[in-house]
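Per this note's numbering, the very first residue in the sequence shown carries number 42; after that it's consecutive.
All remarks here apply to the structure that follows.
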Amino acid sequence: MYLKMVVTVAEAKAVGGVEFARQLENVCGAVGSKAILEATIKPTSDKCTVKWFKDGKAILSTSKDMLQTFANNELKLTINKLAAAHAGNYEVEVSSTKGKVKCSAKIDISGE
(Lines of atoms letter the chains of each structure in order from A; the text may use other names.)
(Lines give C-alpha, C1' and ligand atoms only; values in the text may rest on other atoms or scores of the structure.)
Protein backbone atom coordinates (compact mmCIF):
# COMPACT_ATOMS: atom_id res chain seq x y z
CA MET A 42 0.00 0.00 0.00
CA TYR A 43 1.32 3.40 -0.96
CA LEU A 44 0.26 6.66 0.55
CA LYS A 45 0.65 9.69 -1.63
CA MET A 46 0.85 12.97 0.20
CA VAL A 47 0.60 16.31 -1.54
CA VAL A 48 1.82 19.35 0.31
CA THR A 49 1.01 22.80 -0.97
CA VAL A 50 2.99 25.76 0.24
CA ALA A 51 1.52 29.19 -0.38
CA GLU A 52 4.11 31.87 -0.79
CA ALA A 53 3.18 35.50 -0.43
CA LYS A 54 4.96 36.96 -3.40
CA ALA A 55 4.30 38.22 -6.88
CA VAL A 56 6.71 37.49 -9.71
CA GLY A 57 8.76 40.60 -10.40
CA GLY A 58 6.70 42.64 -7.97
CA VAL A 59 6.36 43.19 -4.26
CA GLU A 60 7.55 40.46 -1.86
CA PHE A 61 7.28 40.05 1.89
CA ALA A 62 10.56 39.89 3.80
CA ARG A 63 8.62 39.16 7.02
CA GLN A 64 4.96 38.22 7.23
CA LEU A 65 2.36 38.94 9.90
CA GLU A 66 2.34 36.77 13.02
CA ASN A 67 -0.59 35.87 15.26
CA VAL A 68 -1.07 38.03 18.34
CA CYS A 69 -2.74 37.22 21.65
CA GLY A 70 -3.37 39.95 24.20
CA ALA A 71 -5.52 40.90 27.16
CA VAL A 72 -8.37 43.40 26.99
CA GLY A 73 -6.92 46.89 27.41
CA SER A 74 -3.42 45.93 26.23
CA LYS A 75 -1.67 47.12 23.08
CA ALA A 76 -1.39 44.89 20.00
CA ILE A 77 0.74 45.43 16.90
CA LEU A 78 0.51 43.47 13.67
CA GLU A 79 3.60 44.08 11.57
CA ALA A 80 5.13 42.87 8.34
CA THR A 81 8.02 43.98 6.16
CA ILE A 82 8.28 44.05 2.39
CA LYS A 83 11.51 43.75 0.46
CA PRO A 84 12.81 47.08 -0.87
CA THR A 85 11.22 48.03 -4.18
CA SER A 86 11.30 51.03 -6.47
CA ASP A 87 7.58 50.63 -7.14
CA LYS A 88 5.05 52.85 -5.43
CA CYS A 89 3.02 50.59 -3.14
CA THR A 90 -0.51 50.83 -1.83
CA VAL A 91 -1.38 49.15 1.48
CA LYS A 92 -4.83 47.95 2.55
CA TRP A 93 -5.75 46.28 5.84
CA PHE A 94 -8.75 44.00 6.37
CA LYS A 95 -10.45 42.46 9.41
CA ASP A 96 -12.61 39.40 8.80
CA GLY A 97 -12.69 40.26 5.09
CA LYS A 98 -13.84 43.87 5.54
CA ALA A 99 -11.59 46.85 4.80
CA ILE A 100 -10.32 48.78 7.81
CA LEU A 101 -10.68 52.49 7.18
CA SER A 102 -7.50 54.52 7.49
CA THR A 103 -9.54 56.95 9.59
CA SER A 104 -10.40 54.28 12.17
CA LYS A 105 -10.03 55.81 15.63
CA ASP A 106 -8.90 52.66 17.42
CA MET A 107 -6.57 51.21 14.77
CA LEU A 108 -3.53 53.14 13.53
CA GLN A 109 -2.11 52.09 10.14
CA THR A 110 1.46 53.01 9.23
CA PHE A 111 3.71 52.24 6.26
CA ALA A 112 7.28 53.57 6.43
CA ASN A 113 10.71 52.18 5.53
CA ASN A 114 9.10 49.06 4.03
CA GLU A 115 7.41 48.26 7.38
CA LEU A 116 3.65 47.85 7.58
CA LYS A 117 1.99 48.18 10.98
CA LEU A 118 -1.50 48.03 12.36
CA THR A 119 -1.50 49.21 15.97
CA ILE A 120 -4.40 48.78 18.36
CA ASN A 121 -3.69 50.78 21.51
CA LYS A 122 -6.43 49.24 23.68
CA LEU A 123 -7.59 45.76 22.76
CA ALA A 124 -11.28 45.01 23.15
CA ALA A 125 -13.17 41.77 22.57
CA ALA A 126 -14.38 43.21 19.25
CA HIS A 127 -10.78 43.27 17.95
CA ALA A 128 -10.52 39.46 17.95
CA GLY A 129 -10.52 38.05 14.44
CA ASN A 130 -8.61 37.45 11.24
CA TYR A 131 -6.55 40.28 9.80
CA GLU A 132 -5.01 40.58 6.36
CA VAL A 133 -2.68 43.11 4.79
CA GLU A 134 -2.55 43.58 1.03
CA VAL A 135 0.32 45.39 -0.67
CA SER A 136 -0.10 46.25 -4.34
CA SER A 137 2.06 47.89 -6.98
CA THR A 138 1.93 48.19 -10.75
CA LYS A 139 3.59 44.75 -10.97
CA GLY A 140 1.17 42.82 -8.78
CA LYS A 141 0.00 42.36 -5.23
CA VAL A 142 0.72 40.19 -2.23
CA LYS A 143 -1.28 39.36 0.88
CA CYS A 144 -0.59 37.79 4.22
CA SER A 145 -2.77 37.24 7.25
CA ALA A 146 -2.72 36.68 10.99
CA LYS A 147 -5.15 36.29 13.84
CA ILE A 148 -5.69 38.38 16.95
CA ASP A 149 -6.96 36.45 19.96
CA ILE A 150 -8.05 38.00 23.22
CA SER A 151 -6.64 36.16 26.24
CA GLY A 152 -9.06 35.21 28.98
CA GLU A 153 -11.94 34.56 26.58
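Heads up, the beta-carbon is just placed ideally off N, CA and C, and yes, glycines get one too.
Best match in the options for proximity to residue i [C-alpha to C-alpha]
i    : options                  : result
G58  : I82, K139, G152 and A146 : K139
A76  : T85, S136, T119 and Y131 : T119
V133 : K105, S145, T103 and A71 : S145
N113 : G152, I82 and F61        : I82
G97  : A62, D149, N130 and K141 : N130
L116 : V68, V135, K141 and K147 : V135
Three-way DSSP call (helix, strand, coil) for residue i in this model
i    : result
A126 : helix
A76  : strand
V48  : Since pLDDT at V48 reaches only 33, below the 50 mark, its modelled position is unreliable, and the value read off the structure follows with that caveat. DSSP places V48 in coil when its eight states are reduced to three.
Neighbourhood of residue i by C-beta, 8 Å cutoff - its chain only, sequence neighbours within 5 removed
i   : result
D87 : G58, V59, S137, T138 and K139
Presumed contact (8 Å Cβ cut-off) between residue i and residue j, rounded CB distance
i    : j    : result
G172 : S151 : In the structure as shown, the chain starts at 42 and stops at 153, and residue 172 therefore has no counterpart that could be examined.
Beta-carbon proximity list for residue i, same chain, < 7 Å, skipping 5 on both sides
i    : result
L108 : T119
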